[in-house]
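Number of protein chains: 2
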Amino acid sequence: MAPKYTLLYWEDSPLLFEYSNTPFEDNTELEVFSKHLSPQGMHFAPPVLQIKDDESGNDFVLSQTPAILAYIGSKFGLVGSNEREHATINQLTLTALDLSNETHDLHHPISVNLYYEDQKTESKRRAEDFRENRIPKFLTHFETVLQNNTNNNNNFLVGLTISTADLTLFQVLDGLHFALPRRIGTLRKSGEYTRVFQLYDRVKDELKDYLGSKRRRDYSIGLYRDYPELDQE
Amino acid sequence: MAPKYTLLYWEDSPLLFEYSNTPFEDNTELEVFSKHLSPQGMHFAPPVLQIKDDESGNDFVLSQTPAILAYIGSKFGLVGSNEREHATINQLTLTALDLSNETHDLHHPISVNLYYEDQKTESKRRAEDFRENRIPKFLTHFETVLQNNTNNNNNFLVGLTISTADLTLFQVLDGLHFALPRRIGTLRKSGEYTRVFQLYDRVKDELKDYLGSKRRRDYSIGLYRDYPELDQE
Chain A
1 MAPKYTLLYW EDSPLLFEYS NTPFEDNTEL EVFSKHLSPQ GMHFAPPVLQ
51 IKDDESGNDF VLSQTPAILA YIGSKFGLVG SNEREHATIN QLTLTALDLS
101 NETHDLHHPI SVNLYYEDQK TESKRRAEDF RENRIPKFLT HFETVLQNNT
151 NNNNNFLVGL TISTADLTLF QVLDGLHFAL PRRIGTLRKS GEYTRVFQLY
201 DRVKDELKDY LGSKRRRDYS IGLYRDYPEL DQE
Chain B
1 MAPKYTLLYW EDSPLLFEYS NTPFEDNTEL EVFSKHLSPQ GMHFAPPVLQ
51 IKDDESGNDF VLSQTPAILA YIGSKFGLVG SNEREHATIN QLTLTALDLS
101 NETHDLHHPI SVNLYYEDQK TESKRRAEDF RENRIPKFLT HFETVLQNNT
151 NNNNNFLVGL TISTADLTLF QVLDGLHFAL PRRIGTLRKS GEYTRVFQLY
201 DRVKDELKDY LGSKRRRDYS IGLYRDYPEL DQE
């Protein structure tokens with residue numbers, strides 16, 4: 001019997017489930033999971049994944065985005081075909097998540113315990129460096145990786161097929177399109193990151209049914225936020 | 001034949017090698033690795049691990065601290081005894097590394113491309129929240145995890161033996177002792193994190209030959225920095 005997956009609070013999580021057609025419950029009720037969360041529980045912060053094993057009846061609960069991605073990626077056949085591909089996919093997934101974390105820190109450079117309004121001055125300063133230096137550095141990196149993967153017409157980051165790394169990069173780029181539309185527009189038009197945006201467009205097309213459905217949650221004030229004062233061409 | 005490991009620029013890396021008595025070369029010459037680093041290379045940033053396989057003669061190069069830890073942890077028998085322990089050790093290692101990353105961001109809250117002196121005002125503001133809220137939250141979490149692991153007198157984070165998670169937590173605590181000695185002193189004396197500091201002391205004792213040797217690099221102005229103006233009891 002297939003295990004039953006329940007997710008809490010994972011903005012970008014469902015992609016791997018959707019891509020591999022794996023059923024899951026997307027639970028946004030924090031109360032259901034509060035017993036698992038610190039200080040009383042074993043998990044520092046959401047997202048949290050609960051895996052209910054129908055055979056043994058045992059629950060297994062896991063947190064930390066990269067740990068969840070590694071676990072389900074391996075179940076869903078998205079981590080390459082050998083140990084080295086597996087490790088490299090993990091590496092590139094982590095780098096894509098670093099870009100995602102820096103996008104979060106854009107609106108919370110001082111503290112997650114303060115409102116954005118209370119750290120707006122610092123946010124604006126951070127956004128300048130992020131737009132000018134960090135995003136291009138990340139995009140150049142992924143463009144180089146795609147260019148060097150001659151296995152498959154440079155269609156995927158690692159090996160011959162799509163992996164957790166490609167899906168994670170798609171999600172981060174999608175979030176950046178929402179958060180910094182003007183800056184991303186400029187970078188796309190520059191023509192310097194052709195392969196990166198081709199990968200983005202291809203995954204978007206493959207997932208269009210899901211992305212157009214009600215199952216895809218709208219961005220609002222989570223990890224990716226549309227604060228026009230932080231954006232610029 | 002055993003593979004030959006060469007590391008570049010990994011402040012806390014050698015712990016797993018030392019603990020498992022695995023020979024490695026600790027190379028701090030950036031030039032040797034520059035061909036691997038972005039923009040021209042396949043790796044976004046150090047640390048980088050090169051694995052030279054004596055059998056095949058093939059080089060394999062890996063970056064991203066959590067990816068390197070997962071790879072070598074598995075080779076060195078430090079990732080638990082089954083799939084779920086493995087995933088949980090990955091989870092807790094990532095949380096310890098989050099604490100480490102926040103310790104870095106303490107002196108670089110705005111940009112890694114600016115000097116500390118040019119973001120000192122923001123650093124002080126960030127340090128206040130980090131000392132008061134973040135460190136206690138992380139320590140409470142790890143104390144809870146140790147308390148709940150009744151397998152082994154609460155000696156390790158997961159299962160019956162030491163793992164990558166314990167060694168990573170040790171390293172982060174050691175760095176925090178250097179960076180914020182007054183704050184860590186107060187938290188230790190509070191008696192609220194007994195198991196966490198017992199784990200720290202135990203690993204420190206087990207690794208005392210290495211820690212007292214010239215192989216252990218001194219902290220200076222890397223990830224962990226001793227800026228007294230950011231510390232407070």
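Line by line, the protein sequences give chains A and B.
Under the UniProt record's numbering, the letters of the first sequence match residues 1 to 233, in that order.
Under the UniProt record's numbering, the letters of the second sequence match residues 1 to 233, in that order.
For glycine and all other residues, C-beta sits at the position ideal for the given N, C-alpha and C.
Bear in mind that the values here come from a model prediction, so they are computed numbers and not experimental data.
Exercise for the section: Using beta-carbon positions only, say whether Arg-182 of chain B and Glu-233 of chain B come within less than 8 Å of one another. Expected result: Their beta carbons are under 8 Å apart, which means Arg-182 of chain B touches Glu-233 of chain B by this criterion.
Handout entry: Contact residues within the stretch 118-131 of chain B, judged by C-beta distance below 7 Å to chain A
Key = Taking a C-beta cut-off of 7 Å against chain A, the contacting residues of the stretch 118-131 of chain B are Glu-122, Arg-125, Arg-126, Asp-129, listed in chain order.
Exercise for the section: Given a cut-off of 8 Å, decide if Thr-140 of chain B and Phe-76 of chain B are closer than it, judged by their beta-carbon atoms. Expected result: No.
Problem - Coil, strand or helix - Val-79 of chain A by DSSP - result: It is coil, neither helix nor strand.
Problem - Under the three-state DSSP convention, the category Thr-6 of chain A falls into - result: DSSP places Thr-6 of chain A in strand when its eight states are reduced to three.
Problem - Span of the beta strand (DSSP E) around Asp-26 of chain B - result: That run of the beta strand (DSSP E) goes 25-27.
Exercise for the section: Spatial neighbours of Val-196 of chain A within its chain, please: CB distance less than 6 Å, with the 5 preceding and 5 following residues excluded, ordered by chain position. Expected result: Result list for Val-196 of chain A: Leu-139, Phe-142, Glu-143, in chain order.
Problem - Closer than 8 Å to chain B by CB, Gln-171 of chain A - result: Not an interface residue.
Exercise for the section: Name, please, each residue of chain B whose Cβ falls closer than 7 Å to the Cβ of His-177 of chain A. Expected result: Ordered by position in chain B, no residue passes the 7 Å Cβ test against His-177 of chain A, which lies about 21 Å from the chain.
Handout entry: Secondary structure of Val-112 of chain A, DSSP reduced to three states
Key = Looking at Val-112 of chain A - three-state DSSP - the assignment turns out to be coil, as it is neither helix nor strand.
Practice task
Taking 8 Å as the cut-off, decide whether the C-beta atoms of Asp-166 of chain A and Val-112 of chain A are in contact.
Solution key: The Cβ-Cβ distance between Asp-166 of chain A and Val-112 of chain A does not fall below 8 Å.
Exercise for the section: Within its chain, find whatever has a CB closer than 7 Å to the CB of Pro-109 of chain B; leave out the 5 residues flanking it on each side and keep chain order. Expected result: So the qualifying residues of the chain are Gln-119, Glu-122, Ser-123, Arg-126.
Practice task
Could you have a look at Val-145 of chain B and say whether DSSP puts it in helix, strand or coil?
Solution key: In the displayed model, Val-145 of chain B falls within a helix according to three-state DSSP.
Handout entry: 8 Å Cβ cutoff met for Gln-147 of chain B and Ser-63 of chain A
Key = Their beta carbons are not under 8 Å apart, which means Gln-147 of chain B does not touch Ser-63 of chain A by this criterion.
Practice task
Using a Cβ-Cβ cut-off of less than 7 Å, list which residues of the stretch 50-72 of chain B approach chain C; keep chain order.
Solution key: Of the protein chains in the structure, A and B, none is chain C.
Problem - Coil, strand or helix - Asp-209 of chain A by DSSP - result: Correct three-state label for Asp-209 of chain A: helix.
Exercise for the section: Measuring alpha carbon to alpha carbon, tell me which of A:Leu-207, A:Glu-117, A:Ile-162, A:Pro-3 ends up nearest Ser-81 of chain A. Expected result: Ranking the options by Cα distance to Ser-81 of chain A, first place goes to A:Ile-162.
Handout entry: Test item: CB-CB of Gly-73 of chain B and Thr-6 of chain B under 8 Å
Key = No, the pair does not count as a contact, with Cβ atoms beyond the cut-off.
Problem - Residues that Val-196 of chain B bridges to, as DSSP identifies them - result: The bridge partners DSSP lists for Val-196 of chain B come to none.
Handout entry: Bridge-paired residues (DSSP) for Lys-52 of chain B
Key = According to DSSP, Lys-52 of chain B bridges with B:Lys-4, B:Asp-59.
Practice task
Please confirm if the stretch 168-179 of chain A is in contact with the stretch 202-220 of chain A, defined as three or more CB-CB distances below 8 Å between the two stretches.
Solution key: In short, these stretches touch, since the Cβ pair count reaches three.
Handout entry: is_contact[Ala-2 of chain B, chain A] using C-beta, thresh 8 Å
Key = The beta-carbon of Ala-2 of chain B is placed no less than 8 Å from the nearest beta-carbon of chain A.
Practice task
Throw me the rounded Cβ distance for the Gly-175 of chain B and Tyr-227 of chain B pair, which I believe falls under 8 Å.
Solution key: Contact between Gly-175 of chain B and Tyr-227 of chain B does not hold, since the beta-carbon distance rounds to 13 Å and is not under 8 Å.
Problem - Whether Leu-180 of chain B touches Asp-231 of chain B by CB criterion (8 Å) - result: Their beta carbons are under 8 Å apart, which means Leu-180 of chain B touches Asp-231 of chain B by this criterion.
Handout entry: Of the listed residues B:Leu-199, B:Lys-35, B:Leu-15, B:Pro-136, nearest to Ser-213 of chain B (C-alpha basis)
Key = Ranking B:Leu-199, B:Lys-35, B:Leu-15, B:Pro-136 by CA distance to the CA of Ser-213 of chain B puts B:Leu-15 first.
Problem - Cα-Cα separation between Gly-222 of chain A and Arg-215 of chain B, rounded to whole angstroms - result: Their Cα atoms are separated by approximately 44 Å.
Exercise for the section: For Asn-151 of chain B, decide whether its Cβ has a neighbour in chain A, counting only Cβ atoms nearer than 8 Å. Expected result: So no, Asn-151 of chain B is outside the interface.
Problem - Residue burial classification, Gln-50 of chain B (beta-carbon count within 10 angstroms, cutoff 16) - result: Looking at its Cβ environment, which holds 16 or more other Cβ atoms inside 10 Å, Gln-50 of chain B is buried.
Handout entry: Three-state secondary structure assigned by DSSP to Leu-169 of chain A
Key = Note: Leu-169 of chain A maps to helix in three-state DSSP.
Problem - Beta-carbon gap between Thr-93 of chain A and Pro-66 of chain A smaller than 8 Å - result: In this structure, Thr-93 of chain A sits near Pro-66 of chain A, with a CB-CB distance shorter than 8 Å.
Exercise for the section: Give me whichever residues DSSP pairs with Leu-37 of chain A in a beta bridge. Expected result: Bridge partners of Leu-37 of chain A: A:His-43.
Exercise for the section: Taking only the alpha-carbon atoms, compute the straight-line gap between Leu-8 of chain B and Glu-31 of chain B and give it to the nearest angstrom. Expected result: C-alpha separation (whole angstroms): 10 Å.
Practice task
Could you give the DSSP three-state label for Glu-233 of chain B: helix, strand or coil?
Solution key: Three-state result, Glu-233 of chain B: coil.
Handout entry: Partners in chain B for Asn-27 of chain A, counting only beta-carbon separations shorter than 7 Å
Key = Asn-27 of chain A does not reach chain B, its nearest Cβ partner there being about 19 Å away, counting only Cβ pairs nearer than 7 Å.
Exercise for the section: Use the C-beta contact count for Pro-83 of chain A: other C-beta atoms within 10 angstroms, 16 or more gives buried, fewer gives exposed. Expected result: The identity of residue 83 of chain A in the sequence shown is Glu, whereas the question assumes Pro. Of the other Cβ atoms in all chains shown, fewer than 16 fall within 10 Å of the Cβ of Glu-83 of chain A; this residue is therefore exposed.
Practice task
Could you name the residues of chain B that residue 296 of chain A contacts, counting a contact when the two beta carbons are closer than 9 Å?
Solution key: Past the boundaries of the shown model lies residue 296 of chain A; chain A is included only from 1 to 233, so the question cannot be answered.
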